[in-house]
Every structure is written in C-alpha cells, then in structure tokens.
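For reference, the structure is listed below as structure tokens.
Protein chains in written order, with my numbering: chain S, 1 to 615; chain B, 1001 to 1201.
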C-alpha cells in the first residue's frame, strides 16, 4: 500500500543484497532468519539421528548400527536437539520478534548479535564435524563423534574411560556454544530493559518478550556454571588434573552438580520461549486478551527463580540422603504450581472466546495438551521412591520428550506458522499445515506414549538393543512407526514452506493480532518502524489509540547501521583456539594453532571496537 | 540530526553498555562462584603432596592484595580525571592502575613458580588443581584488565579520551573493581580461612 502515492523516495536505504551482505549483516531480522534456517538444518540432522536409532530399536536384536555408533547417535541426538535445534530456534524468534514487539529499530548491540550467531554456527559445525574427521585421528569416519551422553557424566567422560577425541569434541563444542548464548543473553536483557518504545512499560510488554526476558536471565546465570564444569573436565582430559578422579580424592558428583545446576535451568530455557509463543497465539485466535496477563508473567518469573532450586532431582539415584531428597522433591513439586497456573490461564483465555482453529492455534493447543502429559509424568518422578524406579528407563525418555517435543517443539511450530507471514510476507498454507500438525501429533504420541510402558517394564535408556523375550517388541515397534510418521509430518512442513512461495502477500496483520510487530509491513523494512511509536496499551492494535500511527515511509532519514565482518572473524578465532585444544595429542601444532586462534580473537576484538559503527 | 536523538533514546536513560556490563558481571559472579565452591568442596581432600598450611604465604599475598586494592583507588581517580577533562592526571592514574595490576600479576607469577619449585604443580593434587584454576582464572581476568587499561592509556595519548568518552573508562572501572572484589573473596577463603587440618606430625 506504500507504493501507490509515495511523494518522495524512501528515506532509508533499501536492504543490501548478496551473500556478502548476509555474512556482514547486523540486522536483527536477518540474523533471526539465519538462526532459524541453521537451527532447522541441525534439527533435521538430530531428527535423522533419532530415526536411525528408532530403526535399530524397531525389532529386538537388530543390527542396523553398531553399539559404538549407537552411543554416538544418542549423544549427538540429545546434544543437537538441546543446543543446536531448540535453543537456536528460540533464538531465531528472540532476534526477529523481540525488537519488533517492543518497538525498537534493532537490538542493543547489533554486532554482538552477529557474533552470537557466528559462534553458534561455527560451534555447531565443529561439534558435527566429529562425524566426518575420524581419519584425521587415525580412526574411521563415524567413530569419533561424542559418545558419553548429552549429560557427559564424569568419570565416564574422563580420560581413563574415554581416551579418544570423542569427548574432546563435546567438551570444546559446548564451551563454544556457551559463548554464543551468553553474548546473546547480555544483548537481549539490555535490549528489553533499555530499547522499549516510549510508553512500552514492562507490564505492557507482550508475554513472548517477557518469557524471553526470563530465559535470558537463566542463560546468563546457568551457562557459567556448566562452563566451569566443562573447564574442569577439559583440564582432566588435556593436562591430567584430577577434578573427577576418585582415586585422587575427586568426586564424580561434582560434575553432576555443576551439570544439573545448569541442566535444570536449561529445561526452562527450552520451554519458557515456547510458553511465551503460545501466550501470543492463543489470545489472537481466541479474539480475547490473555486471561490474567500479570499472573502469567509472574508465574514465568517464579518458574525462572524456582527453576534454580530443583537440580538435584536429576540425582536422586546417587544417594544424596533424606534431607536433600526431601528438599528437592518438595521444590520440584512446588514448581508445578506456577506451571499449572499458566495452563489454567491459557485454558481460561480460550474459554468463551471466538476460537479460530488456524494452524498456529492447533499447534498451541497441541502444546498445552502434550505439555500437561509431560508435566504430569514429571510430577510423578519428583517423588524419590518413584524416581528410583523410573530413572534411566524409557519412562524418563517418554517424560522429557512430551515436554520438549510435545512442549517446546510444538510451541515453536506454533510460532513458525504464526510469525511466518511477518518474516517472509506470505502465510503458510492451511491445508498442509493441518496435515503437518495432525501427523506430528499422532506421530509423537505413537512414538513416546508406548515408552511409558516399555520404561516401566524395565527397558533402560541408551541401550542399543534388547532381547526378544522381554515383552518389549510391540511397544518398540509402535514407537518406531510413530517416529517415521513424525518424519512424514516434517516432510509435509517442508513442502508447505516450498509451496508458500506462490501464496498471496499477507499484508501487515493477517491474523488481526494485537501486538506491535503487526503494525508494520510484512516483511518489515530494514528500519522496522518509520517512526518509533508511543504505546499506551498492552494490546496496542486492539485498543483505540493504543499506539501512535506508524507511517509506511519515514518522514525523515533513518540511520541504519552498516554491516561488519569482525564479529565473524572473532568467532573464527574462538573456533581455531578450540581446534588447537582438540589437537592436544601433538603438543607443538596444538600450541601454535591455539596461539594463532587467540591472535585472531584479539585482532578481531580490537578492529571491532575501533571500527566506525554508529548504532 | 534528529535521528541521533531517537537513536540514543533508552528506556531507563542509562547507556546500553552499562546495563550489559552489569549483566556480564552478574554472570561472572556465577563463574567465580562455581570455582570458589569447588575449591571449598575439595579443600582438605588431597591425598598427596603439599597443602595449604605448608605452602600458602599470607604475608606476601597480603602485600599483593594491598597492591590490587590500591589499584582500585587509582582507577577511581583515573575516572574522575577523565570526567573533568584532566588529560595529564587521567594518564597518570590509568598508568598507575595498569602498573599496579601488572605488579599483582608479577606477585602471582612469582607465587606460582615458587609453588612449583616447592613441589606443588597443577596436577600434583586436588589442592594444586583447584588453587591454580581458581587463581589462574582470576589472574587471566587481571591480565585482560591490564590490556584494557593500557588500551585506554594509548587512546588518551592519541587524544581520543576526552570527557565524552568517560563512559568507556567507567565500564573498564566496573570491570576492574569487580575483579578486585573477587580477589578479596579469594584471599579470604583461600588464604585467611584455611580449613585443611594441620598435619598431625
């Protein structure tokens, strides 16, 4: 509509084109797209790993893969889905949506944002390269990928039991990825605190932004803890220290504490953004404001706080003693309360609403139902005696897949369908979208529901096969069929993406939603808002005069920061340092590579700091 | 020029960099918290080699602690000088801060090589591993601080550190004071409050 009677040329430069413009981009929207595309590719890789595992487990005594390769598959499946798929998919939404929802032109530190992305991408490639580079270590391909589980328990991962380079890839890769998450955490906290449009008070912020805000605090507090745990493990492996060596007085439980001190907040890092997404989708398609906005926000904050006090429920079977068991059991039951509060608020939002069952809404409702199932089995193993029966069985696998697949992932797909028209200017089709939803819902339930039974029948996690006489065949076969069905659902989604090219332009606000990102063009112009709006309502587009009008073209020139490649250079330096550490079996080349990487980092940071770049 | 006014509008009126830096410091607290907690958990669990009482030199480290505390004073004075546009004293105090930091690092290098000479290496026992990791992480932070302060000093000599750049110095100061405070904690829990039982012999 801006094209009809524009009296003058747009005052801001059009978006630059070409590969170089993507490599040097500091635009939060482009970085969001980069995060989304990369994370989706890693999601496919992680999904492929899961499918191969399910094929191996489809029948008793199968030999699709070896036990050794199976260890690598489940380790990389877990690590990939947590760190390379769900977290960066959430980051894609943080990047694209938060500045638009709060009425900002970009994040607080655009170059730091690019740095986060490049560190993530290079760290992810570093970790996955382990599948291919076996020959460089005198081994076969597909033999040196991480194989100690996504939790990397010492002393299984200590040098005496994992002498190969497998765990080195994991220890170093996770440290790299931590840098990316931490940098993004500082960036988004600052953005949300400090870059809100006039009138956008904290309690007017959309719930997605609020939940992302809580998530960033969890990231910047949880990641340093695992970093230290990883540093100890790295020192044990590289230099022969004895942090996790019992014979030298060390304690393997130290690793578990440091890991789960991170690991449980991490669970909320994965789920809170999805909770934020459904809190946007449900009101839009119920045509009603979110029920109990303030309570939903406070519940999210409470989840973030209590989420720090439940980590040892992952360690009941280590024998922490009755006091620790009781405290962590109680805190774990307690954290179900704010979660339940949210669920009731979502249901009350739909209650009496004019429901429109569009694809994002279906995924949001799917999220609520599946998350309830996962939450209930979670409350079951908050009780230590029950947990001792369930831990390390497929019951736990069923639980956390209901939370992470049925919860986080369905929530993220709700977000993908919901914001797709904002990001790409075209709506995904409803028909394939509904096929995608139902296939995935059916597939995931077929996959994961039988695991409750196979788990309670005693099938242990992480086992590469099982005997024909254990009564596990049928459950496992159903799980495998379900996994294939889920894969078909994903193919339908990819078809939908491809087919969306011929969809008509979506316009500014195809869903008639209430928040600020729907007040501007789809896809948004490079400067986002021609004029920064003044906000006077929590639902600016559903309230008369909720936000000052935003013209389609800027009335005066808008400054758009240029690109920079120094964030990429700095990220490269970090990965070169990690490659140096990976080569620790050859001292001199390792040291030289490490020093070279450090030099690249130093040069990158100085050039970054002193290049002309006006935000 | 009106875009400059909107571009630099912030919700709190504080500069973005300052808020980001405080969140960074919050994150660093957890980093050092994990290191210190590990040191305390493992204290007294070494099965061989020298431990705290036999090797830690409190008088010597008191001097280096005092040196680092004084560097924080110099940092405050450096920021005040930059604020009032006093180039000479800004340089003096920035150089003093960086110099005192370098002296602290010198003490640490001396201490480390002395310990190794006494038979306490990085991998000798749990005390060695936890001690060198904790104080080494802190020393690395001091080193980064010294490089940062030196960079500011160079900028000052280039004439690019006027009162309009005071925030750059203030943030470096935040970092420096934080690293100083961490050392106060380390000095207290590692050197002053030793819980390793005295050797019975």
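Don't be surprised by glycine CBs; every beta carbon is placed ideally from N, CA and C. This one's a predicted model, so the numbers in the text were calculated from it and none came from an experiment.
Can you tell me where the alpha helix (DSSP H) with residue 1082/B in it begins and where it stops?
1058 to 1083
If we ignore side chains and look at the alpha-carbon of each, how far apart do residue 319/S and residue 327/S end up?
14 Å
Grab the span of the alpha helix (DSSP H) containing residue 1024/B for me, first residue to last.
1016 to 1042
Distance, residue 225/S Cα to residue 1030/B Cα
6 Å
Taking C-beta pairs closer than 7 Å, name the residues in chain B that residue 108/S reaches, listed in chain order.
1016, 1020
DSSP beta-bridge partners for residue 535/S?
547/S
Chain S partners of residue 1091/B, CB-CB under 7 Å?
Within 7 Å Cβ-Cβ: nothing; residue 1091/B doesn't reach chain S, min ~19 Å.
Looking only at its chain, what residues have a beta carbon closer than 6 Å to the beta carbon of residue 474/S, apart from the 5 residues adjacent to it on each side?
none
For residue 297/S, count neighbouring C-beta atoms within 10 Å of its own C-beta (all shown protein chains included) and say buried if the count is 16 or more, exposed if not.
buried
Does DSSP classify residue 523/S as helix, strand or coil?
coil
Among all the DSSP beta bridges, which residues are the ones paired with residue 460/S?
393/S
Residue 342/S: buried (16+ other C-beta within 10 angstroms of its C-beta) or exposed?
buried
Could you work out which residues of chain C lie near residue 1035/B, taking near to mean beta carbons separated by less than 7 Å?
The structure shown has no chain C; the protein chains it does contain are S and B.
Length-filtered (3 minimum) beta strand (DSSP E) runs lying within the segment 177 to 251 of chain S:
none
With DSSP as the reference, please indicate the residues paired to residue 30/S in a beta bridge.
Paired residues: none, contrary to the question.
State whether the segment 521 to 533 of chain S contacts the segment 484 to 500 of chain S, with contact taken as three or more CB pairs (one from each stretch) at a distance under 8 Å.
no
Output yes if chain B places a C-beta closer than 7 Å to the C-beta of residue 194/S; else output no.
yes
Check residue 426/S in the structure and name its three-state DSSP category.
strand
Rounded Cβ spacing between residue 414/S and residue 281/S (contact assumed at less than 8 Å)
5 Å
Rounded C-alpha distance that separates residue 206/S from residue 357/S
22 Å
With which residues is residue 505/S paired in a DSSP beta bridge?
426/S
If you draw a straight line from the C-alpha of residue 605/S to the C-alpha of residue 419/S, how long is it?
34 Å
Residue-chain proximity (residue 1196/B, chain S), Cβ-Cβ < 7 Å
no
Against residue 1126/B, what residues of chain S qualify as contacts under a CB-to-CB distance less than 8 Å, listed in chain order?
242, 243, 248, 249, 250
Partner residues on chain S for residue 1123/B, Cβ-Cβ distance less than 8 Å
239, 240, 241, 242
Buried or exposed, going by whether 16 or more other CB atoms sit within 10 Å of the CB of residue 1127/B?
buried
List the residues of chain B that residue 235/S touches, going by C-beta distances under 9 Å, in chain order.
1122, 1123, 1129, 1133
In chain order, what residues of the same chain have a beta carbon less than 7 Å from the beta carbon of residue 117/S, not counting five sequence neighbours either side?
31, 34, 35
Residue from 309/S, 560/S, 588/S, 593/S whose Cα sits closest to the Cα of residue 106/S
560/S
Among 360/S, 238/S, 201/S, nearest to residue 274/S - alpha-carbon criterion
360/S
Between residue 411/S and residue 373/S, how many whole angstroms is the CB-CB distance? I'm expecting something under 8 Å.
Residue 411/S to residue 373/S, Cβ: 14 Å. No contact.
Does at least one heavy atom of the ligand GTP sit under 6 Å from the Cβ of residue 459/S?
Ligands in the displayed structure: none, and consequently the ligand GTP is not present.
What whole-angstrom Cβ distance do residue 1186/B and residue 1134/B have, given they're in contact under 8 Å?
6 Å
Please classify residue 1005/B as buried or exposed, where buried requires at least 16 other C-beta atoms within 10 Å of its C-beta.
Note that residue 1005/B has pLDDT 38, beneath the 50 cutoff, so the model's placement of it is unreliable and the number below is only indicative. Exposed, by the Cβ-count rule.
Taking only the alpha-carbon atoms, compute the straight-line gap between residue 433/S and residue 492/S and give it to the nearest angstrom.
8 Å
Check the Cβ-Cβ distances between residue 1157/B and every residue of chain S, and say whether any is below 7 Å.
no
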